[in-house]
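Participant: Right, I'll just put the structure down here and ask away after.
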Amino acid sequence: MRTPLPTEPPLLEMIGISKRFGPVEVLRGVDFTLNAGEVHVLAGENGAGKSTLIKILAGVHDDYRGSVRVEGRDVRFRTPREAVDGGVAVIHQELSLIGPMTIADNLFLGRAKTFGGFVRSRLQSERSREWLERLSIEASPGDRVEDLAISTQQRLEIAKALSLNAKILVMDEPTSSLNSQEVEKLFELIAELRSRGVGIVYISHKMDEITRIADRVTVLRDGRLVASAPAAEAPATQLIYWMVGRDVEQQDRPPRQAASDVRLEARGFSLPGPAGAPGPVDSVSFSVRRGEVVGVGGLQGSGASELLLGLFGAAPRIEGGVWIDGAPVRIRNPRQAIRQGVALLTADRKSNGLVLSMSITKNTTLASLGAFSSNGWLRPERERRAAACHAEALHLNAERLEMEVGALSGGNQQKVALAKWLETRPRVLLLDEPTRGVDVGAKREIYDLIDQWAAGGMAIVLISTEMPELLSLSDRIVVLHRGRVTATLDRGVATAETVLAAAMGSHQENPAPLIDD
1 MRTPLPTEPP LLEMIGISKR FGPVEVLRGV DFTLNAGEVH VLAGENGAGK
51 STLIKILAGV HDDYRGSVRV EGRDVRFRTP REAVDGGVAV IHQELSLIGP
101 MTIADNLFLG RAKTFGGFVR SRLQSERSRE WLERLSIEAS PGDRVEDLAI
151 STQQRLEIAK ALSLNAKILV MDEPTSSLNS QEVEKLFELI AELRSRGVGI
201 VYISHKMDEI TRIADRVTVL RDGRLVASAP AAEAPATQLI YWMVGRDVEQ
251 QDRPPRQAAS DVRLEARGFS LPGPAGAPGP VDSVSFSVRR GEVVGVGGLQ
301 GSGASELLLG LFGAAPRIEG GVWIDGAPVR IRNPRQAIRQ GVALLTADRK
351 SNGLVLSMSI TKNTTLASLG AFSSNGWLRP ERERRAAACH AEALHLNAER
401 LEMEVGALSG GNQQKVALAK WLETRPRVLL LDEPTRGVDV GAKREIYDLI
451 DQWAAGGMAI VLISTEMPEL LSLSDRIVVL HRGRVTATLD RGVATAETVL
501 AAAMGSHQEN PAPLIDD
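For the sequence shown, the UniProt record's numbering gives the first residue as 1, with consecutive numbering after it.
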């Protein structure tokens, strides 16, 4: 981190920005400035107004009060195209790439290189290859985007934004799908951009990222500017206080008292590839006691997410055995998993966990409709009572249960996704990145809920790419490398160093020892 020399005038000035949606005022006189060569973190809980402020800058909302200046010139972007032409590029948390199209076509979408009315495909491929090499993306310009890993797609989104020669680059949670090595590459790229005078607005909920990369931090809460200060004057504890308006304890969580009986056990669990080729999960064995949280650690491509999908029956081929409460079970599809008391919260709640156009109530009962029907007819009042019960238990912040889930903040969306699975009364809860994209206050609430569920006897398997979170929540950690178990670490010996070493394949322990009954 460094403090850049102030420019005169600033690269970006947003002065007295206010915005209403009907009777609701979501921004109230917010000021924000950005200098050339500066990383300015915009922080705040979900619902604080960050996204609305960025959408004003990006030309999505042009009906607002206040003024915006870029390099001293008054601007009012009325469309995203005007913002792009004005030197503003935004990398959204939800990627905007088109899956069936090639990398080159995505990079030059809307601005194709042409000559005589024909697209100059060779030139586009050459330019695309330059950006791929610059960001260390292992792909070819002709590859289809839908065939790429999510982390690769996210880096490609960054390449697309940079190719627009942006002076102002907005990054909204850019590391949410990146592993630690990819995060390092991103930070190296940010340092290069900063040295070239690009101003970066960086939105993140991760305290370690904020304290490491920020030159300056601005915090919003409830649509108001709470504080703006040099990063050196804003330690993590102060940032959290500004964001939530109260102190949030950060100490280690006390050890749990798990039962002695095993609730979930997998033996030689594999997801083979086509024609007998090795698949993403290879002969994994582990077990989880009743009331225990077992974390699954690993780098990108370790097979951790695929393991959870396989245990939920969402895989084309499954080999090996699974036992629940000592009895062998056959799970070959999600319906069978739900009947056996297994629930899966996926990492991508918007694509695989929720129906954004449906209400909180309908999403809550989506996986257990049979319990709310009689003679083939749904009973809406039963659904509403169940949704209200979960909303109270999960501290869901919503005006009414008939609100569309898409209108909720990330933290509240995650609570609805959790409510959907809790309504199935699971014995085993599989959590893939349960706090991804939620703010620090909602994270703490989810941590407390996980403790409550474990105390109630649920067996929980947890994936988190945030190392402090994985270490804090897990009673044991099973580490995968290329689909195989390399270590099983008890809470007392698991550290960031031991987990990373095993994730890189330096320690072999396969299969992992089972817990003795």
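Every residue gets a Cβ at the ideal spot worked out from N, C-alpha and C, and that includes glycine.
1. Please work out which residues of its chain come closer than 6 Å, Cβ to Cβ, to E13, disregarding the five sequence neighbours upstream and downstream, and give them in chain order.
2. Look up D85 in the DSSP assignment and say whether it is helix, strand or coil.
3. Taking the alpha carbon of R253 as the point to measure from, which residue in S357, S136, E469, S285 has its own alpha carbon closest?
4. Quick check: the region 328-337 against the region 276-291, are there 3 or more CB pairs under 8 Å?
5. May I have the straight-line CA-CA distance separating L480 from V183, to the nearest angstrom?
6. Could you spell out the range, first to last residue, of the alpha helix (DSSP H) harbouring G411?
7. Are the region 369-380 and the region 451-471 touching, with three or more C-beta to C-beta distances below 8 Å?
8. For A214, collect the residues of the same chain with a Cβ closer than 6 Å to its Cβ; drop the 5 residues on either side in sequence, then sort them by chain order.
9. Report yes if the C-beta distance between V294 and V485 is below 8 Å; otherwise report no.
10. Quick check: the region 121-141 against the region 149-162, are there 3 or more CB pairs under 8 Å?
11. Do the region 141-150 and the region 84-101 make contact, defined as three or more Cβ pairs closer than 8 Å?
12. Please report the residue range of the alpha helix (DSSP H) in which K19 lies.
13. Report the rounded CA-to-CA distance for I267 versus E433, giving the unit in angstroms.
14. What are the start and end residues of the alpha helix (DSSP H) that includes G37?
15. How close, in whole Å, do the beta carbons of A459 and V288 come, if the pair is a contact with beta carbons under 8 Å?
16. Hey, how far is the Cα of I15 from the Cα of I450?
17. CA-CA distance, S374 and T365?
18. Sort L489, L132, L473, C389 by Cα distance to T102 and report the nearest one.
19. Can you tell me which of L471, E306, G197, G22 puts its alpha carbon nearest to the alpha carbon of V493?
20. What is the rounded straight-line gap between the Cα of R111 and the Cα of P80?
21. Going straight from the alpha carbon of P513 to that of L308, what length do you get?
22. Less than 7 Å between C-beta atoms, sequence neighbours within five positions excluded: which residues of the same chain meet that for T7?
23. By Cβ distance below 6 Å, which residues in the same chain neighbour T175 in space, the five residues on each side in sequence not counted?
24. Just to confirm before moving on: does the CB-CB distance between G66 and P9 stay below 8 Å?
25. Helix, strand or coil for S464 per DSSP?
26. Quick one, which of I210, R482, T346 has its alpha-carbon nearest K420's?
27. Kindly indicate the opening and closing residues of the alpha helix (DSSP H) around G310.
28. Going by beta carbon distance, what residues of the same chain come within less than 7 Å of L107, once the five residues before and after it are set aside?
Facilitator: Considering the structure as presented:
1. Closer than 6 Å at the Cβ level, and outside the excluded window around E13, lie T33, R69.
2. Correct three-state label for D85: helix.
3. Minimum Cα distance to R253 is reached at E469.
4. The count of Cβ pairs closer than 8 Å, one atom from the region 328-337 and one from the region 276-291, stays below three, leaving the stretches out of contact.
5. For L480 and V183, the gap between their C-alpha atoms comes out near 20 Å.
6. It spans 410-422 - the alpha helix (DSSP H) in which G411 sits, taken as one unbroken run.
7. In short, these stretches do not touch, since the Cβ pair count stays below three.
8. For A214, where only same-chain residues beyond five positions count, the Cβ hits under 6 Å are V39, V41, A231.
9. Contact flag unset, no.
10. Segments in contact, yes.
11. Segments in contact, yes.
12. Counting along the chain, no alpha helix (DSSP H) covers K19; the unbroken beta strand (DSSP E) around it starts and ends at 12-21.
13. Per the sequence shown, the amino acid found at residue 267 is Arg instead of Ile. Roughly 24 Å between the two C-alpha positions.
14. For G37, no alpha helix (DSSP H) run applies, since DSSP gives it neither H nor E.
15. In this structure A459 touches V288 by the C-beta definition: roughly 4 Å separates them, less than 8 Å.
16. Distance between the alpha carbons of I15 and I450 is about 42 Å.
17. So the alpha carbons of these two residues sit roughly 15 Å apart.
18. Ranking the options by Cα distance to T102, first place goes to L132.
19. The shortest C-alpha separation from V493 is found at L471.
20. Rounded to whole angstroms, R111 to P80 spans 14 Å at the Cα level.
21. Residue placement at P513 cannot be trusted, given a pLDDT of 40 that sits under 50; the coordinates are not used to answer.
22. Reliability fails at T7, whose pLDDT of 47 lies under 50, so the model's placement of it is uncertain and no value is given.
23. Excluding residues within five positions, the ones whose Cβ falls inside 6 Å are V183.
24. Inclusion of G66 and P9 in the CB contact set at 8 Å is not warranted, their separation being larger than that value.
25. In this structure, S464 counts as coil in the three-state DSSP scheme.
26. Comparing Cα-Cα distances from K420 to each of I210, R482, T346, the minimum goes to T346.
27. Its alpha helix (DSSP H) spans residues 304-311.
28. Correct list, in chain order: S128, W131, A159, K160, S163.
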